[in-house]
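> Structure in C-alpha cells, see below.
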Amino acid sequence: MATSRINGPPPSADRPTGRMGHHQPPQRARLMAVIATTVTGVFVLVAIIIIVGVVATVLPHNSVPTPDVLCATVVLRTAEPDATPLTRPACAPARITGTGHGATALAAAARWLGTPYSWGGGALDGPSRGIDQGANTVGFDCSALTRYAWHQAGVALPRTAAEQWHALRHIGPGYRAPGDLVFFQGSGGGPNHPGHVGLVRDTDRMIEAPRTGLRVRISRYTVRQDIIGYARPGS
1 MATSRINGPP PSADRPTGRM GHHQPPQRAR LMAVIATTVT GVFVLVAIII IVGVVATVLP
61 HNSVPTPDVL CATVVLRTAE PDATPLTRPA CAPARITGTG HGATALAAAA RWLGTPYSWG
121 GGALDGPSRG IDQGANTVGF DCSALTRYAW HQAGVALPRT AAEQWHALRH IGPGYRAPGD
181 LVFFQGSGGG PNHPGHVGLV RDTDRMIEAP RTGLRVRISR YTVRQDIIGY ARPGS
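Position 144 of the sequence shown, counted from 1, bears residue number 144 in UniProt numbering, the numbering being contiguous throughout.
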C-alpha cells in the first residue's frame, strides 16, 4: 500500500510564493502613487508661478493700455461770446514729457482734449465756431489746434497744414521731440501738400483734432501709412 507524503497544505492563491514575495502590498502601492501625483502637481504649480513672474518682469509696464486722460463734462468756453455754449469732456492734463517750447505747446493742446472737431474752427485764444460743415460746432480743426498750441508757446504759425509744412524747418523721424508737428497726406492732400497735422506727444502718439464727428484726442501716428514728415516750430 502506497504511502502518501504530506508536505503541508498546498500553496494558496492569496499567499505569495517565489519572487512574488518581494511585491509591495496593494495599500502601500496606492499610497506611493498618491504621493507621486501630489509631488508632481506641486512641481507643476511652482513652475507656473515662476513663469508668470518672469513674464510680468520682462514685459514693459505699458503693455496693458491705460487711460491717457480723466474727463468730466463741463461747459465749453469759446472765443465767440455769442456762440451757443457747448459741453465737452474736461480732461486732466495728459502726461507731458520734455521741456521748452515744445512741451509748452503740447500742454496747451492737451487742455482741449475732448473738444469737438470743427472744420475751419479754432482761434489763437481757443475754440471757435467753424465754417461750412463746422458752422454749428465750436471747436478746432487740425491746423488750428497746432497753431493755437504753439501760439501759447510764443511761436506764430500759418493757418493751414500745408502752409505750416512749407514754412517750418523739417526734421528727420529720429529727431522728433514732444511738441513737434507730424504731417500726413490725409484726404485731399498730396506728397508735398499735407491735408492733416498733429502734435507729437512721444515716439508713438500725438494729440490731434482728427475730423468732423470726432474730438481732440491722443492717437497713434506711427500706425499710419500716409506720414509726409516732421517739422519743428521756432527753430
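All C-beta atoms, glycine included, are put in the ideal place defined by N, C-alpha and C.
Given a threshold of 16 other Cβ atoms within 10 Å of its Cβ, counted over all protein chains shown, does Leu-31 qualify as buried or as exposed?
Exposed is the call here.
> First and last residue of the alpha helix (DSSP H) that includes Arg-147?
142-152 is the extent of the alpha helix (DSSP H) around Arg-147.
> Among residues of its own chain, excluding the 5 on either side of Pro-191, which ones have a beta-carbon nearer than 8 Å to its beta-carbon?
Contacts found: Gln-185, Ile-228.
> CB-CB under 7 Å to residue 239, same chain, minus the five flanking residues each way: which ones, in chain order?
In this structure the chain extends from 1 to 235, so residue 239 is not present and cannot be described.
> Straight-line CA distance for Ala-103 to Ala-144?
One C-alpha to the other measures close to 18 Å.
> How do the segment 165-179 and the segment 125-143 stand: do at least 3 beta-carbon pairs fall below 8 Å, yes or no?
No, the segment 165-179 is not in contact with the segment 125-143.
> How big is the Cα-Cα spacing for Gly-121 and Ala-167?
Computed Cα separation, rounded: 21 Å.
> What three-state label does DSSP hand Arg-220 in the structure shown?
Note: Arg-220 maps to strand in three-state DSSP.
> List the DSSP bridge partners of Arg-169.
Arg-169 is bridged to Arg-232.
> In whole angstroms, what is the alpha-carbon distance linking Ala-162 and Val-182?
Roughly 12 Å separates the two Cα atoms.
> Near residue 237, what residues of its chain come up, given a Cβ to Cβ distance below 6 Å and the 5 sequence neighbours on each side ignored?
What the structure shows of the chain is the stretch from 1 to 235, and residue 237 is not part of that stretch, so it cannot be assessed.
> So for Val-197, helix, strand or coil by DSSP?
Strand at Val-197.
> Express the C-alpha separation of Gly-195 and Gly-188 in angstroms, rounding to a whole number.
Rounded to whole angstroms, Gly-188 to Gly-195 spans 6 Å at the Cα level.
> Whole angstroms is fine: what's the gap from Thr-84's alpha carbon to Pro-127's?
The predicted model places Thr-84 with a pLDDT of 41, which falls under 50 and marks its position as unreliable; any figure quoted below should be read in that light. Those two C-alpha atoms are separated by around 12 Å.
> Do you know how far the Cα of Tyr-221 is from the Cα of Gln-152?
When rounded, the distance between both Cα atoms is 23 Å.
> What's the gap between the Cα of Ser-118 and the Cα of Leu-214?
Those two C-alpha atoms are separated by around 9 Å.
> Going by alpha carbons, who is nearest to Ala-109 out of Tyr-230, Arg-201, Thr-212?
Considering only alpha carbons, the answer is Arg-201.
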